[in-house]
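One structure is given here, and the rest of the page talks about it.
Dropping the structure here:
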């Protein structure tokens, strides 16, 4: 029984890893679609999101089955319940890639606003935070999870920077380009929310491993550095 | 043992009801702060969010204890795991009220943009959807949950309406008022995301009661009407 249960937990781990991989790819593609202004690539992100939705349902179902059949305790119980939370976060991250793709569709046929400012930098940060969050989960790596949580401020700052530049240089200056600048501003917000979700995942990883809550207690984490 | 367990489940119900009440209040206050442009009221929403954060942690902990101690099956298992998901949604709804309050702080010292367009209408919809989602949860009311899911399109449409009006009447016309219009556009998006979260809650309620997944299968729901 225990051997079988351990195998099922290992499978769950693999499924989260696979779902995380697809989610990362979705972000990558939506940002690529933005850079090259490709409506086709944007539509592909939207279509393929269905697969990630289905994975969330499958993982949830598997978790409930494991809870009902094996009535796990301690770390196994935390692993399964946190997996349920983490797959919701991954699904919402993928939804945000869809949101980015939708912004691309809104602006793909209009001339490019001069630069994308720091949006590519924010996108790279978001992608690497998603990758690290999945790594922290599958490797039960509390130190990496803590690093992710501390990087969230970096995302906030970058988002604020992009937003102020778009407002002062375009939105408050040139009515003709302002709607396109609004679309980019929303992209920056979508990316920053992706980073927020990776923070949720990292908090759940720490709770899963240590049984200790860091959520809503960022100060404690900073002090313990 | 069963009697005690039933009492604990009833307590959990009450705690979600209380958390839902506080969350509704937070939305109400943030929108009121926007209407009267009160930075003080906005700051109050931000400060009091801490209480809702703490409730999420307390409910999560209680759920894990119940899972470990009573190893529930079937509907009880679904009730406890869905409670964990629902309290995350409530906490994020409260965070969106904080986001609205932050937009209020950005614009409170500037002259009001003529109308708030349909933002108050969208706010009323969001509040009533949150109230109904909590009701559906505590009364195990699948029909009400289905209604909530179908109302989500209403929220999307209202948000789109507000957004197009703000872009065409302010952002693309008048650079001086454009930054304020962007803040309102974000408020509309925050409100619409609150509605999205109520849809998540409604889906979890249906799964909890019927053990049937409606998430990501809106078409099925529409056909069954």
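Protein chains in written order, with the working numbering: chain E, 1428 to 1652; chain L, 1428 to 1652. Built from N, CA and C at the ideal position, the CB exists for glycine as well.
Between E/1575, E/1565 and E/1566, which has its C-alpha nearest residue 1556 of chain E's C-alpha? E/1575
Pair every Cβ in the segment 1453 to 1461 of chain E with every Cβ in the segment 1523 to 1542 of chain E, then say whether three or more of these pairs are closer than 8 Å. yes
Along chain L, in chain order, which residues have C-beta atoms closer than 7 Å to that of residue 1536 of chain E? Chain L residues near residue 1536 of chain E: none, gap ~16 Å exceeds 7 Å.
If you measure between the beta carbons of residue 1606 of chain E and residue 1603 of chain L, is that distance less than 8 Å? no
Coarse secondary structure for residue 1465 of chain E, derived from DSSP in three states: coil
Would you please verify whether the beta carbon of residue 1480 of chain L is less than 8 Å from any beta carbon of chain E? yes
Output yes if chain E places a C-beta closer than 8 Å to the C-beta of residue 1621 of chain L; else output no. no
Mind checking if residue 1495 of chain L is an interface residue toward chain E, Cβ cutoff 8 Å exclusive? yes
Compare the C-beta of residue 1596 of chain E with all C-beta atoms of chain L and state if any pair is closer than 8 Å. no
Here's the rule: buried if 16 or more other CB atoms are within 10 angstroms of the residue's CB, otherwise exposed. What is residue 1500 of chain L? exposed
Taking its Cβ as the centre, do 16 or more other Cβ atoms sit within 10 Å of residue 1642 of chain E, making it buried, or is it exposed? buried
Residue 1584 of chain L burial status per 10 Å Cβ neighbour count (16 or more: buried): exposed
Buried or exposed: residue 1652 of chain L, going by 16 or more other Cβ atoms within 10 Å of its Cβ? Interpretation of residue 1652 of chain L is limited by its pLDDT of 44, a score under 50 that renders its predicted location unreliable; the figure taken from the coordinates is listed afterwards. With fewer than 16 Cβ atoms within 10 Å of its Cβ, residue 1652 of chain L is classed as exposed.
Could you tell me whether the segment 1489 to 1497 of chain E touches the segment 1431 to 1442 of chain E, using the rule of 3 or more Cβ pairs below 8 Å? yes
In chain order, what residues of the same chain lie with their CB nearer than 6 Å to the CB of residue 1482 of chain E, ignoring the 5 residues before and after it? 1446
Do residue 1450 of chain L and residue 1486 of chain L count as a contact pair if the criterion is CB distance below 8 Å? no
Contact under 8 Å by Cβ, residue 1623 of chain L with residue 1579 of chain L: yes
Flag residue 1474 of chain E as yes if its beta-carbon sits less than 8 Å from any beta-carbon of chain L, otherwise no. no
Could you list which residues in chain E have their beta carbon closer than 7 Å to that of residue 1585 of chain L, in chain order? Those do not exist, as residue 1585 of chain L stays about 17 Å from chain E at its closest Cβ, beyond 7 Å.
Is the separation between the beta-carbon of residue 1544 of chain E and that of residue 1617 of chain E shorter than 8 Å? no
Strictly below 8 Å CB to CB, what residues from chain E border residue 1491 of chain L? 1504, 1505 and 1508
Looking only at its chain, what residues have a beta carbon closer than 8 Å to the beta carbon of residue 1448 of chain L, apart from the 5 residues adjacent to it on each side? 1561
Quick one: does residue 1463 of chain L have its CB under 8 Å from some CB of chain E? no
With burial defined as no fewer than 16 other Cβ atoms inside 10 Å of the residue's Cβ, what is the status of residue 1434 of chain E: buried or exposed? exposed
Any beta carbon from chain L within less than 8 Å of residue 1547 of chain E's own beta carbon? no
With distances taken from CA atoms, which of L/1549, L/1635, L/1639 and L/1548 is nearest residue 1503 of chain L? L/1635
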